[in-house]
Structure formats: structure tokens, C-alpha cells
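Participant: Could you have a look at this structure, given as C-alpha cells, before my questions?
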Amino acid sequence: MSNCSEPTIRAADEGLVLRFWGVRGSTPVSGPQYAEFGGSTPCIEVRCGERMFVVDAGSGIYNLGQGHRTDLPREVDLLFSHLHLDHTAGLPFFKPAVLDSDRVINTYCGNLGGESAGPTLDRLFAPPLFPVTLDKLCCTFNHHGFEAGQTLTFPDGTRVDTILLNHPQGSVGYRFEHAGRRLCLISDIEHSDPWPEPELARFVAGADLMVYDGMFTDGEYPTCRGWGHSTWQKGVELAQTAGVKALAIIHLHPAHSDTALRDMEADLQAEMPTAFIARELQSITVGAPRSVGRRAGGRPTVAREVRRRIRVA
Numbered sequence: 001m002s003n004c005s006e007p008t009i010r011a012a013d014e015g016l017v018l019r020f021w022g023v024r025g026s027t028p029v030s031g032p033q034y035a036e037f038g039g040s041t042p043c044i045e046v047r048c049g050e051r052m053f054v055v056d057a058g059s060g061i062y063n064l065g066q067g068h069r070t071d072l073p074r075e076v077d078l079l080f081s082h083l084h085l086d087h088t089a090g091l092p093f094f095k096p097a098v099l100d101s102d103r104v105i106n107t108y109c110g111n112l113g114g115e116s117a118g119p120t121l122d123r124l125f126a127p128p129l130f131p132v133t134l135d136k137l138c139c140t141f142n143h144h145g146f147e148a149g150q151t152l153t154f155p156d157g158t159r160v161d162t163i164l165l166n167h168p169q170g171s172v173g174y175r176f177e178h179a180g181r182r183l184c185l186i187s188d189i190e191h192s193d194p195w196p197e198p199e200l201a202r203f204v205a206g207a208d209l210m211v212y213d214g215m216f217t218d219g220e221y222p223t224c225r226g227w228g229h230s231t232w233q234k235g236v237e238l239a240q241t242a243g244v245k246a247l248a249i250i251h252l253h254p255a256h257s258d259t260a261l262r263d264m265e266a267d268l269q270a271e272m273p274t275a276f277i278a279r280e281l282q283s284i285t286v287g288a289p290r291s292v293g294r295r296a297g298g299r300p301t302v303a304r305e306v307r308r309r310i311r312v313a
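Under the UniProt record's numbering, the letters of the sequence shown match residues 1 to 313, in that order.
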């Protein structure tokens with residue numbers, strides 16, 4: 001899936017804007033049965049006005065870096081939810097990292113007890129698993145570690161709140177607030193019993209948009225208990241309990257075709273009309289009225305425009 005015909009998000013936009021570059025979970029998939037929702041693994045671009053963040057570096061980050069991206073900042077802040085392969089495997093294929101000698105990529109990892117992602121990425125992207133090490137790429141990497149639950153404060157004063165999520169080896173949820181809007185990214189997560197967790201409900205309370213791990217349905221979940229993922233039904237429960245205004249489901253099961261996901265979305269919207277299943281390349285202005293757009297190739301897409309602190313040096 002190419003993004004060559006897709007417009008970039010303008011850095012001058014004043015609102016809180018996100019774009020889904022990858023929404024599939026566990027492994028990339030391809031084929032005509034995935035044309036509408038996409039097959040790339042997790043990567044989300046978040047714009048707080050002119051400030052840009054990238055959340056996760058699954059295979060979707062490849063398309064983020066393609067084309068003539070004049071809107072990419074010199075320093076890219078890459079926030080990892082965690083370091084499983086479907087969230088990291090695209091990193092050495094991110095064109096600005098490979099080719100731009102003046103590019104700086106700052107990584108942030110909060111599920112390793114304060115350790116940065118650096119040592120793990122150095123082990124992953126090295127022979128015999130990968131032909132070159134990350135330090136052979138043109139860009140400069142700066143790796144930062146924090147503990148989930150801390151607030152990241154960036155040099156320009158931007159703050160991003162974090163929370164630890166229930167997932168094997170842990171995962172980090174993020175909350176962005178800008179221009180009076182609130183966006184929460186909650187993936188990867190397995191729901192608890194009872195549900196929702198009070199701490200998580202407080203974290204997402206009143207969000208204009210919550211992006212949530214809905215890999216399974218309630219019917220599929222019992223045979224996948226302990227895998228670290230949730231269901232769209234549990235996402236609805238959390239959203240309704242916490243007063244979340246709109247809900248996007250991501251980390252889509254690699255076996256769920258476009259047909260299955262459209263049927264699932266109909267069931268989802270019967271429970272929560274402002275909810276939807278995220279589509280690759282979909283752009284959303286958080287809090288804005290929903291609109292209907294079209295992908296390249298004419299396929300319709302539904303776009304709903306919808307503590308402690310740690311200072312980052």
C-alpha cells in the first residue's frame with residue numbers, strides 16, 4: 001500500500017491531528033481482502049499543532065517516510081508502546097533514518113523499568129538477525145528511558161502523560177492534550193476482570209478520542225486469554241464508563257478481512273455510534289465533525305474527525 005498519492009498532514013495545523021500509518025496487529029498482511037483497512041503493523045503520527053510525534057515503528061513507518069515529506073521535523077520523537085516485533089520491525093526501513101545524515105531520532109521507552117530501547121534495538125538490528133546495525137544508518141539516534149506512569153515534558157513545554165498497560169513485558173499508553181482536545185492511545189492491552197480498571201478509566205476520562213486495542217471479539221477472546229490483547233466490546237465498556245466521546249479500534253487481527261471488519265464495525269456502531277475501526281492512511285482531526293473521504297483507488301473510507309513528571313533533555 002503506497003502513500004504516494006496521499007496528502008501529508010500540514011505542520012501548521014493548529015489542532016490535535018493523528019494519522020494511522022499502520023493498524024494491523026502481530027504481523028503484516030497483504031492481499032485484496034485487506035485493501036480497505038490495510039495490512040501494516042502499528043505506527044501512528046500525532047500532531048500537536050506544529051509539534052510531531054510518532055507512536056510505534058511497525059511496518060507502517062515505512063510509508064510514513066516515503067515521498068517528499070517536507071513537513072518532517074529535523075528531530076523525530078518516536079514513542080514506543082513496547083518493543084515487540086510488530087511495533088519495531090519497520091524502524092530500519094524508515095527512509096529519513098536510512099538516508100538523512102542531519103536527521104535525529106529520539107526514542108522513548110517506558111516498559112523496561114527505566115531502561116531505554118537502545119540495548120534492545122541494538123540486539124534486534126544486528127547480525128545474524130539483521131545485516132547492519134542501527135549505528136550504520138545515516139541518522140543519529142538518542143534513546144531515552146522512563147517508567148510508565150511518568151509525564152514526559154519536552155523542551156518546548158509539550159507534555160505527554162503515560163500509563164502502564166497489561167501486556168506481556170508491559171506496554172505504555174499515552175495521553176496527548178492540545179488546543180483543548182484530548183487523545184488517548186491505549187494499545188497493546190489485555191482487559192482485566194473486573195473491568196474497567198479504575199486507574200485506566202481516570203486516565204482516559206473525557207477524551208475526545210480513545211484509540212484502543214480491539215484485536216479480538218468477545219467470542220474469540222476465551223481461546224486467546226493471556227495473549228495480551230482485548231476486544232472492541234471492552235473498548236466500548238471503557239469508553240462509556242469514562243465518558244470518552246469517540247473510539248477508534250486498532251491492532252486488527254491479521255485474519256480479519258475487510259468484509260469481517262465492516263461487519264464488526266456495524267456491530268461496534270450499534271453499541272457506540274461515534275466508534276469506528278481505524279483504517280490505514282486515515283487522518284483525523286480530534287474533536288472535529290466526522291467526514292467521509294476516499295482512498296486512492298476509489299474505495300470509501302470513513303474518517304471521523306473526531307503524578308509524576310520526567311523532563312526530556
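Glycine included, every Cβ here is placed at the ideal spot set by N, Cα and C.
On a predicted model such as this, the values are computed, not experimentally measured, just so you know.
Could I get the ranges of all uninterrupted beta strand (DSSP E) runs contained in the stretch 144 to 214, with 3 residues as the minimum, in chain order?
Facilitator: Taking only runs of at least 3 residues, the beta strand (DSSP E) segments lying wholly in the stretch 144 to 214 are 150 to 153, 159 to 165, 171 to 178, 181 to 186 and 209 to 213.
Participant: Determine the contact status of residue 316 and Val211, defining contact as a CB-CB distance below 9 Å.
Facilitator: In the structure as shown, the chain begins at 1 and stops at 313. Residue 316 is therefore absent and cannot be evaluated.
Participant: Would the beta-carbon of His57 fall within 9 Å of that of Phe37?
Facilitator: Here residue 57 is taken as the residue at index 57 of the sequence shown, counted from 1. Here residue 37 is taken as the residue at index 37 of the sequence shown, counted from 1. The displayed chain sequence assigns Ala, not His, to residue 57. Not closer than 9 Å, so no.
Participant: Measuring alpha carbon to alpha carbon, tell me which of Phe141, Leu200 and Glu197 ends up nearest Asn106.
Facilitator: Working through the sequence shown from its first residue, we reach residue 106 at position 106. When each option's Cα is compared against that of Asn106, the closest is Phe141.
Participant: So what does DSSP say about Gly15, is it helix, strand or coil?
Facilitator: In the sequence shown, counting from the first residue as 1, residue 15 sits at position 15. Here Gly15 sits in coil by DSSP.
Participant: Can you find the residues in the same chain that come closer than 7 Å, C-beta to C-beta, to Pro73, ignoring five residues on each side of it along the sequence?
Facilitator: Here residue 73 corresponds to residue number 73 of the sequence shown, with the count starting at 1. Same-chain partners within the cutoff: Met52.
Participant: So what's Arg123 in DSSP terms, helix, strand or just coil?
Facilitator: Sequence index remark: in the sequence shown, residue 123 carries index 123 (1-based). Three-state DSSP puts Arg123 in a helix.
Participant: Tell me which same chain residues have a C-beta within less than 6 Å of the C-beta of Cys184, skipping the five on either side of it?
Facilitator: Along the sequence shown, read from residue 1 onward, the residue named residue 184 stands at position 184. Closer than 6 Å at the Cβ level, and outside the excluded window around Cys184, lie Arg175, Val204, Ala207 and Met210.
Participant: Taking the alpha-carbon positions, what's the Val29 to Ile61 distance?
Facilitator: As a first step, residue 29 is located in the sequence shown; it is residue number 29 there, counting from the start. As a first step, residue 61 is located in the sequence shown; it is residue number 61 there, counting from the start. About 15 Å.
Participant: Tell me which residues share the same chain as Ala126 and place their Cβ nearer than 6 Å to its Cβ, disregarding the 5 neighbours each side in the sequence.
Facilitator: Working through the sequence shown from its first residue, we reach residue 126 at position 126. Contacts found: Thr133.
Participant: Where does Trp227 fall in DSSP's three states?
Facilitator: For the purposes of this step, residue 227 is taken as the residue at position 227 of the sequence shown. It is coil, neither helix nor strand.
Participant: For the candidate residues Lys245, Ala270, Ile249 and Gln33, whose alpha-carbon lies nearest to that of Ser230?
Facilitator: As a working mapping, residue 230 is identified with position 230 in the sequence shown. With distances taken between Cα atoms, Ser230 lies closest to Ile249.
Participant: Let me make sure I understand the geometry here. Which of Ala288, Ala239, Asp156 and Pro92 has the alpha-carbon closest to that of Ala275?
Facilitator: On the sequence shown, residue 275 is found 275 positions in, with the first residue counted as 1. Nearest of Ala288, Ala239, Asp156 and Pro92 to Ala275, Cα basis: Ala239.
Participant: Could you please give the first and the last residue of the uninterrupted alpha helix (DSSP H) stretch that includes Met272?
Facilitator: Reading the sequence shown from its first residue, position 272 is the one you call residue 272. Premise fails: Met272 is in no alpha helix (DSSP H) and is neither H nor E.
Participant: On the three-state DSSP scale, how would you describe Thr217?
Facilitator: As a first step, residue 217 must be located in the sequence shown, where it is residue number 217. Three-state DSSP puts Thr217 in coil, outside helix and strand.
Participant: Whole angstroms are fine: how far does the CA of Pro155 sit from the CA of Ala260?
Facilitator: For the purposes of this step, residue 260 is taken as residue 260 along the sequence shown, with counting starting at 1. For the purposes of this step, residue 155 is taken as residue 155 along the sequence shown, with counting starting at 1. Between Ala260 and Pro155, the C-alpha separation is close to 44 Å.
Participant: Does DSSP put Gly39 in a helix, in a strand, or in coil?
Facilitator: Mapped onto the sequence shown, residue 39 falls at position 39. It is coil, neither helix nor strand.
Participant: By DSSP, does Val55 sit in helix, in strand, or in coil?
Facilitator: Position 55 of the sequence shown, counted from the first residue, corresponds to residue 55. In the structure shown, Val55 sits in a strand (DSSP, three-state: E or B).
Participant: Just list the residues that DSSP pairs Ile105 with in beta bridges.
Facilitator: To locate residue 105, count along the sequence shown from 1; it is residue 105. Ile105 is bridged to Val76 and Phe141.
Participant: Could you name the residues that DSSP lists as bridge partners for Glu98?
Facilitator: Taking the sequence shown and counting its residues from 1, the one referred to as residue 98 is at position 98. Position check: residue 98 holds Val in this sequence, whereas Glu was assumed. Paired residue(s): none; Val98 is not in a bridge.
Participant: Consult DSSP for Ser291 and reduce its assignment to one of helix, strand or coil.
Facilitator: For the purposes of this step, residue 291 is taken as residue 291 along the sequence shown, with counting starting at 1. Annotation note: pLDDT 46 at Ser291 (below 50); position unreliable, no value reported.
Participant: Leu247 lies in the beta strand (DSSP E); which residues open and close that run?
Facilitator: Reading the sequence shown from its first residue, position 247 is the one you call residue 247. From DSSP, the beta strand (DSSP E) with Leu247 extends over Leu247 to Ile250.
Participant: List the endpoints of the continuous alpha helix (DSSP H) containing Thr241.
Facilitator: Numbered from its first residue, the sequence shown carries residue 241 at position 241. From DSSP, the alpha helix (DSSP H) with Thr241 extends over Trp232 to Ala242.
Participant: With distances taken between CB atoms, is the gap from Gly39 to His251 smaller than 9 Å?
Facilitator: As a first step, residue 39 must be located in the sequence shown, where it is residue number 39. As a first step, residue 251 must be located in the sequence shown, where it is residue number 251. Contact flag unset, no.
Participant: Over what stretch of residues does the beta strand (DSSP E) that includes Ser283 continue unbroken?
Facilitator: For the purposes of this step, residue 283 is taken as the residue at position 283 of the sequence shown. That run of the beta strand (DSSP E) goes Ser283 to Thr285.
Participant: Can you tell me which of Gly226, Ala278, Ala255 and Glu50 puts its alpha carbon nearest to the alpha carbon of Gln169?
Facilitator: Here residue 169 is taken as the residue at index 169 of the sequence shown, counted from 1. For the residues Gly226, Ala278, Ala255 and Glu50, the minimum Cα distance to Gln169 belongs to Gly226.
Participant: By the DSSP assignment, the alpha helix (DSSP H) with Tyr62 in it spans what residues?
Facilitator: Here residue 62 refers to the residue found at position 62 when the sequence shown is read from its first residue. Run containing Tyr62: Ile61 to Leu64, per the alpha helix (DSSP H) assignment.
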